[in-house]
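Residue numbers (the working numbering), protein chains in the order written: chain A, 1340 to 1616; chain B, 327 to 634; chain C, 6 to 275. Built from N, CA and C at the ideal position, the CB exists for glycine as well. Report on one structure; see the data block that follows.
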Amino acid sequence: MNAIECKDVCFSYGEEGGFAISHLNFSVEEGEFVAILGHNGSGKSTLARLFNGLLEADAGEVDIFGVKLDEKTLYEARKRVGLVFQNPDNQTVASIVEDDVAFGAENVGLPREEIGQRIRFALSAVGMEEYRSSLVSRLSGGQKQRVAIAGVLALKPSVIVLDESTAMLDPRGRREIMQVVEKLNKEEHITVVLITHFLEEAMMASRAVVMNRGEIVMHGTPKEIFSRHEELLTYNLALPRIGEICKKLQAAGLGVRDTLDIEELAEDIAGELTCAS
Amino acid sequence: MRIVAEHLTHTYNAGSPFAVKALDDVSLTIEEGEFFGVIGHTGSGKSTFVQHLNALIRLPSSLKHYKKPKAKKGQLPPPEPILKVGDFDLSSRKTDFRALRKNVGMVFQYPEYQLFAETVYEDVAFGLKNFAEKGHAPTKEETDAAVKEALEIVGLDFQAVKDMSPFDLSGGQKRRAAIAGVIVTRPEILVLDEPAAGLDPLGKREIMELLHTIHGKWCKTVVIVSHDMDEIAENCTRVAVFSEGRLVYALPPKELFQKAEELKSLGLDIPLTAKLVLALKARGVELSCDFTTEGLLSAILERKEGKA
Amino acid sequence: MKDVAFGQYYPVSSFVHKLDPRLKLVFLIAFIVAIFLANNFYGLAACAAVLILTIAFSRVPIWKVLRSVRAVLFLVLFTTALNVLFYGGETVYAHWGIFTITKEGIIFSAFLVLRIMLLVMCSSMLTYTTTPVALTDGLESLLTPLKWIRFPVHALALIMSLALRMIPSLMEETERIKNAQKARGADFESGGLIKRVKAIVPILIPLLLSSFRRADELGEAMESRCYMGDKHRTKYKKLRFSWRDLLAFLLGAALVTGVVLLRVYLGATV
């Protein structure tokens, strides 16, 4: 079943700039891990906000588990599709970790005991149990983002959409978040839509699409997409440094395959350098 | 201008039970003309260090009512912290701190959030007016020329943006305008805290290119704080590593990133090039390079040709 | 990072922390009433004793409570100076020009300073021992009768808790912007009033803009987590009255009565 399906969706912010999203068709299968790539201003964050009705499509429709998103189904859709945003400082509502995680569960009117269970579940899923009664303001960026994910998990969503949730973190924080996301997808079978401009992060996804000017311009497995690096450049996306090294070695006549994996690349280079002797 | 720090120590909330020693006996010299990198975790002291460079954090001895710490019985007194930037002695109360700040530009993280004026022109000219000598306010022509030059070096079109509100610029343009607002006074030293944070990979690359342009033509010395080891390895002449308030290393990338194990134990990463060199070593191929992409590529190709 | 001395929750578990926030609010009001009813040092001593007892049972370190006075230190020093120098009275210790230092002046100043300090320390005890969420829940519950006249009690409580939540972020941000403008030569310390007010603009505008941005993003995050006002909303932390609260209530009542008795039987010091 499709968790999210966009049918010919258009959206504009009402400025002269034209469509932010233009005649877009896109679907996410239940249980999938999809990456949406695109440079700043490509429309990817707008798309995220269409998935849970923060924005309403001008034309076309967005279906969540086969149900058309409109005013009546909005509430249910938000229970099923959780959004995690970019800035770790601006998405926690309460000062104490557990109070913040409880917020969503309180909003949908769950009984107390159930909320308690949900807090435990959500905090353990992101590895933050020990911070349950800590002050949010004292946490690191990566920890704050994990609390934000827990806050969404407390609603037991089927889909989590991460809108550049790692962009403001240091490398350590970024790693923490990516580990959590991978675990949620594999162990909790939560559908993940990862919106990012870091191609490295997209490698974890089973499928990736590239957006440009409100349209989907490339799709395939992350590997397939990276192998078309010249096309990526035209959409203002840069290959990760390792991909670049790979390409340059190929251009210099070394027999290395297209890869973003250090071990694989090292193996190929070592092969080239030793077999020649 | 040369930066010389000796025994630099700083404690936040000194004297209270909340006291945190953020810098602990740091001695470091940054030569004129360097593209200097500063790395370390959040809370390692690296930000505290760079904020000293333009006296946003002052040495205790430069403040009023300063009393020399007394030595404990039977011990030598703690060494006096020294910080000199060119001829400015930051430990002295008599130093002209305004003149110092004019010479040491500081770009904070997400500098676009400090834009405030009605037009890009006014925002960029802000520092120019502030730093003008008393009674020597810059003329309209002087201001025009300086703002134009600063905007152009950061890659913005003077005519197109000067009358725009800074808030109508795109994200990347805002950051450039903010940087222009710092370099407009032509500081000799430019300090930047995570200049590429939050940008997409192309934006990051453009900012680093911009810094190289500035480094050559405009500011003699550039100091950047960064988490991105690739950025550091590609660009810096030397790198200082901070951990728990102490300076652990100050080495060129070529030497520093050979210490993969030591860096790992400090919780720090190494650049991709260094990882590749290690992975090759594990496969019996020993390469030596300076850990820039170009350096690694030529090392590999040289080896290949040598074998052929 | 700098520590925000005033109004921050101190996360430990204690007798005082576990008290019902409604009771703590009422207790604070009772305490304030007692402070103002006290007209001699015995009354203030009784208040101080209760405060010390509260601090002891809260596991909040005493220096932290004392630090909260720092926020009003200027006010305290200013009023002290004013009163010592101008209060007048009969037992004159020193006299020059328009200034007269008298025994009465000193006693009155001491009384006033004690009052302010007790007031501030007691208020900060409330925020040290009560999470913003509990505080607003308590307030919302106490104000429930106002719902009858359609007063938006829930919205008010939510706004308050969000404001408390944002204080640390905004303080940090202010510091950052201030430093950034200082590095561009901005001068906040010298010049006349007009110049100083003008100097604030480069801090104020970025701060305002960032607050709007924060509010916007926070709103989106709240909506995404199914926030739709207080309809169908449940609360994870239920407010419950327990034996602790009864004890504390009795203490509060005893304090007010005690102070009134001291007032009646011992008369005024000042």
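- Under the three-pair Cβ rule at 8 Å, the segment 1596-1615 of chain A counts as touching the segment 623-632 of chain B.
- Chain-order list of chain A residues neighbouring Arg181(C): empty, with the shortest C-beta distance near 12 Å, by a criterion of under 8 Å.
- Straight-line measurement puts the Cα of Glu222(C) at about 16 Å from the Cα of Val1486(A).
- Counting along the chain, His100(C) sits inside no alpha helix (DSSP H); it lies in the beta strand (DSSP E) bounded by residues Val97 to Trp101.
- Here the segment 534-541 of chain B does not lie against the segment 441-454 of chain B, with fewer than 3 beta-carbon pairs under 8 Å apart.
- Residues of chain C with a Cβ closer than 8 Å to the Cβ of Glu1445(A) are, in chain order, Arg238, Thr239, Lys240 and Tyr241.
- Measuring C-alpha to C-alpha distances from Leu349(B) to each of Gly621(B), Glu570(B) and Pro597(B) identifies Glu570(B) as the nearest.
- Judged by DSSP in its simplified three-state form, Arg572(B) adopts strand.
- Of all residues in the segment 1479-1495 of chain A, only Ser1479 and Gly1480 place a beta-carbon less than 9 Å from a beta-carbon of chain B.
- In terms of Cα proximity to Ile479(B), the closest of His538(B), Gly412(B) and Thr619(B) is His538(B).
- The Cβ-Cβ distance between Phe1350(A) and Leu1408(A) does not fall below 8 Å.
- Partner residues in the beta bridge of His1558(A), as assigned by DSSP, are Val1548(A).
- Under the DSSP assignment, Met432(B) falls in the beta strand (DSSP E) whose first and last residues are Val430 to Val433.
- The alpha helix (DSSP H) runs lying completely inside the segment 224-264 of chain C and spanning 4 residues or more number zero.
- Phe1350(A) is bridged by DSSP to Ile1360(A).
- If you keep only unbroken alpha helix (DSSP H) runs of at least 4 residues inside the segment 1464-1550 of chain A, you get 1480-1492, 1510-1526 and 1538-1541.
- With a threshold of 8 Å between beta carbons, Gly1421(A) makes contact with chain C.
- A straight-line Cα-Cα distance of about 24 Å links Lys1562(A) and Gly1380(A).
- Residues are counted here when their Cβ sits less than 9 Å from a Cβ of chain B; for the segment 160-180 of chain C these are Glu178, given in chain order.
- Within chain A, the residues Asn1429, Gln1430, Thr1431 and Val1432 have their CB atoms less than 9 Å from the CB of Leu223(C), given in chain order.
- For the segment 127-149 of chain C, the set of positions with a beta-carbon nearer than 8 Å to some beta-carbon of chain A reads Thr136, Pro137 and Val138 in chain order.
- Listed by position along chain B, the residues whose Cβ is nearer than 9 Å to that of Arg1552(A) form an empty set, because the closest Cβ is around 14 Å away.
- DSSP, reduced to helix, strand and coil, places Val81(C) within a helical segment of the structure shown.
- Here DSSP, grouped into helix, strand and coil, assigns Ser216(C) to helix.
- Residue pairing by DSSP places His541(B) opposite no residue, since no beta bridge is assigned to it.
- The beta carbon of Asp494(B) sits no closer than 8 Å to any beta carbon of chain A.
- In the DSSP secondary-structure assignment, Lys347(B) is bridged to Thr337(B).
- Taking C-beta separations shorter than 6 Å and ignoring five residues to either side along the sequence, the partners of Arg1457(A) in its chain run Ala1444 and Ala1493, following chain order.
- Around the Cβ of Ile199(C), a 10 Å sphere holds fewer than 16 other Cβ atoms; the residue is exposed.
- Residue range Val1420 to Val1423 is occupied by the beta strand (DSSP E) that includes Gly1421(A), with no alpha helix (DSSP H) assigned at that position.
- A straight line joining the alpha-carbon of Val551(B) with that of Glu109(C) spans about 60 Å.
- Rounded to whole angstroms, the Cβ separation of Ile182(C) and Leu212(C) is 6 Å, and the two are in contact under 8 Å.
- Within 9 Å of the CB of Ile210(C), the CB atoms of chain B belong to Leu441, Phe442 and Ala443, in sequence order along the chain.
- Here Leu271(C) is exposed. Its C-beta has fewer than 16 other C-beta atoms within 10 Å.
- Its chain contains Ala331, Ala566, Leu573 and Ala576 as the residues whose beta carbon lies nearer than 7 Å to that of Leu354(B), once the 5 sequence neighbours on both sides are disregarded; these appear in chain order.
- With the rule of 3 Cβ pairs closer than 8 Å, the segment 254-267 of chain C counts as touching the segment 32-51 of chain C.
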